[in-house]
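Read through the structure below, which is laid out as structure tokens, and then see the notes.
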Amino acid sequence: MALDPLFGLHAAALSVQRQRMDVLAGNIANSDTPNFKARDVDFAATLRQTLGGSPAEAGGALKLAAPRGASSGSADTTLTAGAIDGGAIPGLVWRVPTQNSVDGNTVDAQVEQAKFADAALHYQASLNFVDGRVKSMLTAITGQ
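If you number the sequence shown the way the working numbering does, the last residue is 1570 and the count never jumps.
Okay, structure coming up:
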């Protein structure tokens, strides 16, 4: 019996969030590496592809909201598709920096830490849902 139908999209979401946290952790680890380009995972596109949708349905580039206090045209925070590691992670994209650095590194450590914390929060929410499903199934099995 396959477990995927029992847990719905939360089982797939856990996997995609783990991939995203791995990419963000790599960004943080390389924040001082010259010419390192920050990457992210387009969660919606990757989840859609994981659940069986086509990547074309995902819609290409992902637009992010402008940072608080910035005008809509002042910072280009578009994520652009990047073929990294032969496409090993679907939905992997490059992050366009809001501020250029002298060494060519596009990682902003504070942004990466905030994105990692956000991804960890979403991971924990999906994990709590899966845990609740397991507990309710155990209750149904034991009849308590």
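Each residue gets a CB set at the ideal place from its N, CA and C atoms; glycine is no exception.
Since the structure is predicted, the reported quantities are computational estimates derived from the model, not experimental observations.
According to the Cβ coordinates, are residue i and residue j closer than 8 angstroms?
| i | j | result |
| --- | --- | --- |
| Leu-1440 | Ser-1552 | yes |
| Ser-1457 | Val-1533 | yes |
| Pro-1431 | Asp-1529 | no |
| Val-1519 | Arg-1465 | yes |
| Asn-1526 | Phe-1462 | no |
| Leu-1477 | Ala-1438 | yes |
Is residue i helix, strand or coil when you go by DSSP?
| i | result |
| --- | --- |
| Val-1528 | coil |
| Val-1533 | coil |
| Ala-1491 | Bear in mind that a pLDDT of 43 at Ala-1491, under 50, signals an unreliable position, so the number given afterwards is only what the model happens to contain. Three-state result, Ala-1491: coil. |
| Leu-1477 | coil |
| Asp-1448 | helix |
| Thr-1565 | helix |
| Gln-1570 | coil |
| Thr-1472 | helix |
| Ser-1457 | coil |
| Gly-1434 | coil |
How many whole angstroms separate the CB atoms of residue i and residue j, which I take to be in contact at a CB cut-off of 8 angstroms?
| i | j | result |
| --- | --- | --- |
| Gly-1517 | Gln-1475 | 7 angstroms |
| Val-1556 | Ile-1515 | Val-1556 to Ile-1515, Cβ: 22 angstroms. No contact. |
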